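If you're matching positions, the sequence shown starts at 995 in my numbering and goes up one per residue. Written out below as structure tokens is the structure these notes cover.
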Amino acid sequence: MKKNYFSTLFAALILFVAMPATAQVSVMSDLFGKWKFTATVTTTEAGAAYADKFKSECEVTIGKAESEYFMADIANFAGADYSMSVSGFNTSTYTIEINGPNSANYGIWEGYIAVANAAGEWPFSRWDVEGSVQYGMHMTVDPETKEITVPDFTIVSLDWQTYTPTVLATVTNAKMTVIELENKDTSNYPDLTGLWTWEGGLRTDTVSLQGFTVEFEQAGEGKDAWKATFAFGEYEPFTLDATFDGSMVTVPHDTIYFDKENGIRIGTRSSSTACAGSFTFSYNSKTSMSLYDYIYVRKDVYSGDTLKGGKIYQVFDGYI
């Protein structure tokens, strides 16, 4: 919980204007705006009756999520009736993670018509993509041009009695290019200045990190750039660059070892070996921010001199 602060409670006024496509991508909200979706859509015999629903070219909107549990909503994707909600944005790989692309409607088109992986498999389980296992659709952003590359996928109808999908169309060469982006007015963003202290849950095998604090200091004229100084227990504090979009604080990090000799480091949820990731907080009020994703502390596991992974050492959730 924050110990001292200057508060502003008004939401940012956002206007649509054309912006250069070469502007930096540091948070998901940098992609808010209007986009042109293009793809090669091949309809199957089973999908012939739905051909007009599946768009090979259309305007897509990326904007603030209706639900506080997501980072953004993507509307009219390939002509869909319902939006897809973005679960996370990986600042190291510039990846938009849509872990549940078919949302609560069991499909993004009416009539239980859903997006699935390129193989046309049941979409409510793991998606196997080019040999890797993930959940849902992951899109990649070019940080220079902002072009979004969409992996090949299928559009399927769902038989909920047999849990069998029928492929209606295959979609390849899909991408989204900028039409215009939102202009951020940061003047009314809340002020993060001050010391924030972690409170909440902790799962651990070995207790040694007795919580943490984050101190925010404004790094520029606007309220979107910050310096964040983290202090975990008795370990040496470290300072990182942070970005704030008025609702979400993102703090990218590379390898951070608390104790190099004993292999104690910051890790990630999805990989036992990856050391780069981001701390992400959802702004609730002038005194509270929730951890949007857990903070994982791992202990290196070696086979000889080869790093094989990282055992989960501690997991922080809750809020600051």
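Where a beta carbon is used, it is the ideal one built from N, C-alpha and C, also for glycine. From a predicted model like this one, the values you see are computed outputs, not experimental measurements.
- Message: Give me the DSSP bridge partner(s) of P1095.
- Response: BP columns for P1095 are empty, so no partner.
- Query: First and last residue of the beta strand (DSSP E) that includes R1259?
  - Reply: 1258–1261
- Any heavy atom of the ligand SAH closer than 7 Å to the Cβ of S1050? You won't find the ligand SAH in this model; it holds no ligand whatsoever.
- How big is the Cα-Cα spacing for A1006 and N1177? Annotation note: pLDDT 36 at A1006 (below 50); position unreliable, no value reported.
- Item | Span separating the alpha-carbon of G1130 from that of F1224 | 32 Å
- Message: So for K1047, helix, strand or coil by DSSP?
- Response: helix
- Message: Rounding to the nearest angstrom, what Cα-Cα distance links E1104 and V1150 in this structure?
- Response: 12 Å
- Query: Are E1141 and K1169 touching if we call contact CB-CB under 8 Å?
  - Reply: yes
- Query: Rounded to the nearest angstrom, how far is the Cβ of G1304 from that of G1271, given a contact under 8 Å?
  - Reply: Going by Cβ atoms, the distance from G1304 to G1271 rounds to 12 Å, so no, they are not a contact pair.
- In whole angstroms, what is the alpha-carbon distance linking V1165 and R1292? 39 Å
- How is M1022 classed by DSSP in three states: helix, strand or coil? helix
- Message: Quick check on this structure: which residue in L1025, S1050, F1147, F1026 has the alpha carbon closest to the alpha carbon of T973?
- Response: Outside the modelled stretch of the chain, which goes from 995 to 1314, sits residue 973, for which no answer is possible.
- Query: Among D1294, N1084, N1096, H1247, which one has its Cα closest to the Cα of D1067?
  - Reply: N1096
- Item | Beta-carbon proximity list for E1053, same chain, < 8 Å, skipping 5 on both sides | K1028, W1029, K1030, F1031, N1070, I1173
- Since C1269 and D1299 are thought to touch, with beta carbons under 8 Å apart, how far apart are those beta carbons, to the nearest angstrom? About 17 Å; that fails the 8 Å criterion.
- Message: Quick check for students: name the residue ranges of the beta strand (DSSP E) that lie wholly in the segment 1196–1251, counting only runs of 3 or more.
- Response: 1196–1198, 1206–1212, 1219–1226, 1232–1238, 1242–1247
- Hey, does G1240 have any beta-carbon neighbour from chain B nearer than 8 Å? The displayed structure is made up of one protein chain only, and chain B is not part of it.
- Task: Quick one: grab the DSSP three-state call for F1118.
- Result: coil
- Item | Residue from V1019, M1283, S1241 whose Cα sits closest to the Cα of T1191 | M1283
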